[in-house]
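Chemist: Going left to right, the sequence shown walks through residues 24 to 546 as my numbering numbers them. Here a beta-carbon is modelled for each residue, glycine too, at the ideal position from N, C-alpha and C. Remember, it's a predicted structure, so these values are computed and weren't measured experimentally.
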Amino acid sequence: MPRLCCPAFMLTLAIGGAGSAMGDTVALNRDLVQPHLHVVPRTAQETTRIAKAVAPTTDFSGAEPFETNSGGGATVRARDNADAFSLVSGNAPFERQLDFQLGNGLFTKIWVSSPSSTLASDGLGPLFNARSCQSCHLKDGRGHPPEGPDDSAISIFLRVSVPVEGTEHMSAIESYLHALDPNTERTAPDPVYGGQLQDFGVQGHAAEYSFGVTYKETEIALSDGETASLRQPSYRAANLGYGPLAKGAMLSPRVAPQMIGLGLLEAIPAQDILALADPEDADGDGISGVAQVVWSHEYDRPMLGRFGHKAGQPTIRQQSASAFAGDIGISSTLFNTPAGDCTSLQTKCRAAPDGSTGTDALTEISDEGLDFVTFYSRNLAVPERRDVDDPVVLRGKEVFYRTGCTSCHVPKFVTERLAEQPEQSFQLIWPYSDLLLHDMGEGLADMRPEGRANGREWRTAPLWGIGLTETVSGHSYFLHDGRARSLLEAVLWHGGEAANQRDAVIDMPAESRAALIRYLESL
24 MPRLCCPAFM
34 LTLAIGGAGS
44 AMGDTVALNR
54 DLVQPHLHVV
64 PRTAQETTRI
74 AKAVAPTTDF
84 SGAEPFETNS
94 GGGATVRARD
104 NADAFSLVSG
114 NAPFERQLDF
124 QLGNGLFTKI
134 WVSSPSSTLA
144 SDGLGPLFNA
154 RSCQSCHLKD
164 GRGHPPEGPD
174 DSAISIFLRV
184 SVPVEGTEHM
194 SAIESYLHAL
204 DPNTERTAPD
214 PVYGGQLQDF
224 GVQGHAAEYS
234 FGVTYKETEI
244 ALSDGETASL
254 RQPSYRAANL
264 GYGPLAKGAM
274 LSPRVAPQMI
284 GLGLLEAIPA
294 QDILALADPE
304 DADGDGISGV
314 AQVVWSHEYD
324 RPMLGRFGHK
334 AGQPTIRQQS
344 ASAFAGDIGI
354 SSTLFNTPAG
364 DCTSLQTKCR
374 AAPDGSTGTD
384 ALTEISDEGL
394 DFVTFYSRNL
404 AVPERRDVDD
414 PVVLRGKEVF
424 YRTGCTSCHV
434 PKFVTERLAE
444 QPEQSFQLIW
454 PYSDLLLHDM
464 GEGLADMRPE
474 GRANGREWRT
484 APLWGIGLTE
494 TVSGHSYFLH
504 DGRARSLLEA
514 VLWHGGEAAN
524 QRDAVIDMPA
534 ESRAALIRYL
544 ESL
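(1) Along the chain, where does the alpha helix (DSSP H) containing K420 start, and where does it finish?
(2) What's the C-alpha gap between S109 and L129?
(3) Measure from the alpha carbon of L181 to the alpha carbon of each residue in G284, N402, H503, E446, then state which is nearest.
(4) Report the CB separation of Q336 from V317 in whole angstroms; it is logged as a contact under 8 Å.
(5) Using 10 angstroms around the beta-carbon of D47, count the other beta-carbons present and answer buried if the total reaches 16, otherwise exposed.
(6) Closer than 8 Å: is that where the CB of R165 sits relative to any heavy atom of the ligand MN?
(7) Work out the CA separation of P292 and V56 for me, nearest whole Å.
(8) Can you tell me whether DSSP reads V396 as helix, strand or coil?
(9) So if DSSP puts P276 in a beta bridge, which residue, or which two residues, is it bridged to?
(10) So what does DSSP say about D530, is it helix, strand or coil?
(11) Provide the residue span of the alpha helix (DSSP H) that contains Y199, from first to last.
(12) T338 and D390: beta carbons closer than 9 Å?
(13) Could you give the distance in angstroms between the alpha-carbon of V49 and the alpha-carbon of L327?
(14) Which same chain residues end up closer than 8 Å to N359 when comparing Cβ atoms and leaving out the 5 residues on each side of it in sequence?
(15) What distance in whole Å lies between the Cβ atoms of Q341 and S367, which are believed to be in contact at a cut-off of 8 Å?
(16) If you reduce the DSSP assignment to three classes, tell me which class L385 lands in.
(17) Just reading off the beta strand (DSSP E) that V514 is part of, what are its end residues?
(18) Go through the region 279-351 residue by residue and report every complete run of the beta strand (DSSP E) that reaches 3 residues or more, in order.
(19) One question on the structure: do I388 and G146 come within less than 9 Å of each other, judged by their Cβ atoms?
(20) Our contact map puts S155 next to K132 with C-beta atoms below 8 Å; I'd like the distance itself, whole angstroms only.
(21) Helix, strand or coil, according to DSSP, for S535 in the structure here?
(22) What's the C-alpha gap between E240 and Q226?
(23) Since S275 and D469 should fall inside the 8 Å C-beta cutoff, what is the C-beta to C-beta distance between them, to a whole number of angstroms?
(24) Give me the residue from T492, A522, A521 with the minimum Cα distance to S509.
(25) Helix, strand or coil: which one does DSSP assign to V437?
(26) Suppose you measure from the CA of G149 to the CA of T380; what does that come to, to the nearest Å?
(27) Considering only their Cβ atoms, is the gap separating L486 from L546 smaller than 9 Å?
(28) For R482, report the span of its beta strand (DSSP E) as first-last.
(29) Report the rounded CA-to-CA distance for K333 versus W481, giving the unit in angstroms.
(30) Are the beta-carbon atoms belonging to E520 and C431 less than 9 Å from one another?
(31) Rounded to a whole number of angstroms, what is the C-alpha to C-alpha distance between D173 and S233?
(32) Could you say which of L451, Y542, L417, M282 lies nearest to T81 if we only look at CA atoms?
(33) Would you mind working out which of G284, S311, L393 sits nearest N127, comparing C-alpha positions?
(34) Pick from A290, G419, A538: whose alpha carbon is nearest that of A97?
(35) Count the other CB atoms, across all protein chains shown, that sit within 10 Å of the CB of R259; report buried if there are 16 or more and exposed otherwise.
(36) Going straight from the alpha carbon of F347 to that of S354, what length do you get?
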C-alpha cells in the first residue's frame, strides 16, 4: 500500500517532547540519528570504499571476500553445540569481558517476588511471563510455541491492543506519526490487561490468561511432484483472570527472537537503512519497505525502530528495559512502574509489595545493572558462516539472489565508526535484513497495528545464524510465532510484497529449491 512520505525523509514536522505542547520544529531525517552512539563521520574516501564493499555480487563461482565473517571482526568460530550463540564479540577487549559476564549473570538471574531477603533479586511481577531473560531466550536463541499440552508457553506470549478513533489526546509519537502519515492507525493498551498478557502471577495474584493455540494443516503442491504442509495457527486467550478483554481487542503472538548481532544491527547507519525505504514503490519492483519510527524514552524524541518483530524499539537498552518491565515486571529508570504491565484497574496488583528501595526512581534494576545487560546483549557474537565454498551452497546463493530475496534480506552493511564501541566499529557485516517494515500478506497478518506498521507488516528478520537454530534451541521453528517448522515452510508463508519470490520457489526445479534451503542453512 503506498505511503505518504517525502524524498529522503526530509519532511519537516512540528512536535514537542513527550507530554509537552507542540512547537519544536524538527526534521525527520535528523531525528532518526542515534544520539546514544558516538559516531565518527565517514570521509568521502570511506564512503566510496563502503559502496564498493556492500554492492551485491553477480559472481557465484566462489565465496566473496570476508563472507565467512558474518559479524565482521566481532565474528566467532561456529561451535557445534548449544553455546554457539552465547559467546562474546570476537574482537572484545579482554578488560570488557568481565562486563559481558556480569551482564550474563543478570540475564540469567531468577527474580523473586517481594518482599524478599534477597533485596537485589526481588520485584518479580506481580504478573509476569518469565522469571528471567534466559527463560525465554534460552541459550540466547529463539523461542517456540508450545509443543503439546504439557509444554509451557514461556517463550511466547500475546500482545494486546485496542483501536483508538480520532486524533484527540494523541501522545508525542502519535502526533509525530500522524503528521508523517495521517493514515497511521492508532491503538492503545487494553484498559484492564495492558499491552501484553501475562500468564503467571506471584502468590496471591491470578494470572491474566492461559495461552492457547490450535493449528489447521494445509498441503501445498510444489514443482517436480513435491509437497509441503503449512500449519495455520489460531490463537486464544483462555481463562481470563480479570474479566473480558475490551471490545475490538487485537491479539498478536510473539516468540522470543535470537539475540546474536544486536549491537552490530544497532550500529548500522540510520541513513543507510532509510536509503532502502521505498514506501510508494517508486522503482516498481513490488517491494515498498517502510521505516519504523518509535519514541525513545531515554532521549525523549523519535528514533528509527530496529528491534522486535515490528521494529518497535529504537535501542538495545530500551528493548532490554521494556522486556524487564513487560515480561518480568522489573522496573528501571526507563520504565519506572514497579508493578510492571499492571494497569490502574488492576488495583490489587498495583498495591502489591515491590522490589524498589523507596527511591524516587522506583527502580528494581539499577542503571548499572541495565547497562551490564545492555552490554551483554550488544556483544553476543555472530558465528562464522559454514560451507561458503560448497558448490550446492553457492548454487543456493545464486537462487537466493536471482529470485529477489535480497530486496528485503539485504546481505551487507558497514557499521558506523564508533569512538567508544570498538567491537561494533566500522565492521563489514552480513545480517541479511534491511530492518524495514514490509507487507507480508494476509497469511502472516496479525491485523494489529504497531506504530507505522499496519496489521500486515513485519520487520525483515535478520537471517544470520538461522542455520544453527536447531543446534542452539533444539527446534526448527521460525517466523514471529514459530508456526513454520522448517526453513522451507518459512519461505512458503511469505506473501504480500514477497509473493512473487514465494511463487518462484514453488515453481522452481526441486534441485534449485533444495540448494536454496542448503544456502539458508549455511547462514
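Modeler: According to the structure data:
(1) To locate residue 420, count along the sequence shown from 1; it is residue 397. Run containing K420: 414-426, per the alpha helix (DSSP H) assignment.
(2) Working through the sequence shown from its first residue, we reach residue 109 at position 86. Working through the sequence shown from its first residue, we reach residue 129 at position 106. Computed Cα separation, rounded: 14 Å.
(3) Within the sequence shown, numbered from 1, the residue matching residue 181 stands at position 158. Cα-wise, what sits closest to L181 is H503.
(4) In the sequence shown, counting from the first residue as 1, residue 336 sits at position 313. In the sequence shown, counting from the first residue as 1, residue 317 sits at position 294. Going by Cβ atoms, the distance from Q336 to V317 rounds to 6 Å, so yes, they are a contact pair.
(5) On the sequence shown, position 24 is the one that residue 47 refers to. Because the pLDDT of D47 is 28, which lies under 50, any placement of that residue in the model is unreliable, and the number read from its coordinates should be weighed accordingly. The residue in question, D47, is exposed, as its Cβ has fewer than 16 Cβ neighbours within 10 Å.
(6) Although the ligand MN was asked about, the structure shown includes no ligands whatsoever.
(7) Taking the first residue of the sequence shown as 1, we reach residue 56 at position 33. Taking the first residue of the sequence shown as 1, we reach residue 292 at position 269. Cα-Cα distance, rounded: 8 Å.
(8) Counted from its first residue, the sequence shown places residue 396 at position 373. DSSP places V396 in helix when its eight states are reduced to three.
(9) The count along the sequence shown starts at 1 and reaches residue 276 at position 253. In the DSSP output, where bridge partners are listed per residue, P276 has L181.
(10) Numbered from its first residue, the sequence shown carries residue 530 at position 507. Helix, per DSSP.
(11) Locating residue 199 in the sequence shown gives position 176, counting from the first residue. From DSSP, the alpha helix (DSSP H) with Y199 extends over 195-203.
(12) Position 315 of the sequence shown, counting from 1, holds the residue named residue 338. Position 367 of the sequence shown, counting from 1, holds the residue named residue 390. The answer is no: Cβ separation not under 9 Å.
(13) What you label residue 49 is simply residue 26 of the sequence shown in a count that begins at 1. What you label residue 327 is simply residue 304 of the sequence shown in a count that begins at 1. The pLDDT assigned to V49 is 36, lower than 50, so where the model puts this residue is not dependable, and the model offers no usable value.
(14) By 1-based counting over the sequence shown, the position of residue 359 is 336. Excluding residues within five positions, the ones whose Cβ falls inside 8 Å are A384, L385, T386.
(15) Reading the sequence shown from its first residue, position 344 is the one you call residue 367. Reading the sequence shown from its first residue, position 318 is the one you call residue 341. Not a contact, Cβ separation roughly 23 Å.
(16) The sequence position of residue 385 within the sequence shown is 362, counting from 1. In this structure, L385 counts as coil in the three-state DSSP scheme.
(17) Counted from its first residue, the sequence shown places residue 514 at position 491. No beta strand (DSSP E) contains V514, which is instead part of the alpha helix (DSSP H) from 510-515.
(18) 316-319, 324-327
(19) Numbered from 1 along the sequence shown, position 365 holds the residue referred to as residue 388. Numbered from 1 along the sequence shown, position 123 holds the residue referred to as residue 146. In this structure, G146 lies closer than 9 Å to I388 by Cβ.
(20) Counting from one through the sequence shown, the residue named residue 155 turns up at place 132. Counting from one through the sequence shown, the residue named residue 132 turns up at place 109. Correct: roughly 6 Å between the Cβ atoms.
(21) Sequence index remark: in the sequence shown, residue 535 carries index 512 (1-based). Three-state DSSP puts S535 in a helix.
(22) Counting from 1 along the sequence shown, the entry for residue 240 is found at position 217. Counting from 1 along the sequence shown, the entry for residue 226 is found at position 203. Distance between the alpha carbons of E240 and Q226: 39 Å.
(23) Locating residue 275 in the sequence shown gives position 252, counting from the first residue. Locating residue 469 in the sequence shown gives position 446, counting from the first residue. Contact flag correct, Cβ pair sits at about 4 Å.
(24) Walking along the sequence shown from the start, residue 509 turns up at place 486. Considering only alpha carbons, the answer is T492.
(25) Indexing the sequence shown from 1 puts residue 437 at position 414. Strand.
(26) In the sequence shown, residue 149 corresponds to position 126, counting from 1. In the sequence shown, residue 380 corresponds to position 357, counting from 1. Before going further, note that residue 149 is Pro rather than Gly in the sequence given. Near 16 Å, if we compare the C-alpha coordinates of T380 and P149.
(27) Numbered from 1 along the sequence shown, position 523 holds the residue referred to as residue 546. Numbered from 1 along the sequence shown, position 463 holds the residue referred to as residue 486. Yes, the Cβ-Cβ distance between L546 and L486 is below 9 Å.
(28) Position 459 of the sequence shown, counted from the start, is the residue given in the question as residue 482. 480-482 is the extent of the beta strand (DSSP E) around R482.
(29) For the purposes of this step, residue 333 is taken as the residue at position 310 of the sequence shown. For the purposes of this step, residue 481 is taken as the residue at position 458 of the sequence shown. Going by the C-alpha atoms only, they are around 5 Å apart.
(30) Residue mapping note: residue 520 aligns to position 497 of the sequence shown, counting from 1. Residue mapping note: residue 431 aligns to position 408 of the sequence shown, counting from 1. Contact flag set, yes.
(31) Along the sequence shown, one-based indexing puts residue 173 at 150. Along the sequence shown, one-based indexing puts residue 233 at 210. One C-alpha to the other measures close to 13 Å.
(32) Here residue 81 refers to the residue found at position 58 when the sequence shown is read from its first residue. Comparing Cα-Cα distances from T81 to each of L451, Y542, L417, M282, the minimum goes to L417.
(33) In the sequence shown, counting from the first residue as 1, residue 127 sits at position 104. For the residues G284, S311, L393, the minimum Cα distance to N127 belongs to L393.
(34) Along the sequence shown, one-based indexing puts residue 97 at 74. Cα-wise, what sits closest to A97 is A290.
(35) In the sequence shown, counting from the first residue as 1, residue 259 sits at position 236. So R259 counts as exposed.
(36) Indexing the sequence shown from 1 puts residue 347 at position 324. Indexing the sequence shown from 1 puts residue 354 at position 331. Going from the Cα of F347 to the Cα of S354 covers about 7 Å.
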